[in-house]
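Peer 1:
In my numbering, the protein residues as written are 40 to 123.
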């Protein structure tokens with residue numbers, strides 16, 4: 040535990056009163072301190088940003104690539120909903 044604590048940096052952030060109160064309530068519900076809650080939330084947000092960036096890169100890559108001879112037509116037929 041000692042080395043983990045010393046590997047962390049202390050920072051200051053500015054939160055409006057409502058956000059701070061909501062953060063404190065959430066931390067109490069989760070039975071963790073404010074810092075732990077904010078660290079966890081920031082980690083999750085950074086993961087989501089990575090996913091969004093990867094999805095954007097993939098979309099752009101597929102958009103640049105021309106469809107070769109209807110190769111997706113087979114898959115589109117499989118994905119179609121049956122007529123009622």
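Glycine included, each C-beta is placed from N, C-alpha and C at the ideal position.
Output the distance between the C-alpha atoms of residue 66 and residue 97, rounded to the nearest integer angstrom.
Peer 2: The alpha-carbon separation between residue 66 and residue 97 amounts to approximately 36 Å.
Peer 1: Nearest to residue 55 by alpha carbon, out of 49, 122, 63?
Peer 2: Cα-wise, what sits closest to residue 55 is 63.
Peer 1: What residue range is occupied by the uninterrupted alpha helix (DSSP H) comprising residue 69?
Peer 2: Start and end: 56 to 69.
Peer 1: Check the Cβ-Cβ distances between residue 74 and every residue of chain D, and say whether any is below 8 Å.
Peer 2: Absent here is chain D; the protein component of the structure consists of one chain.
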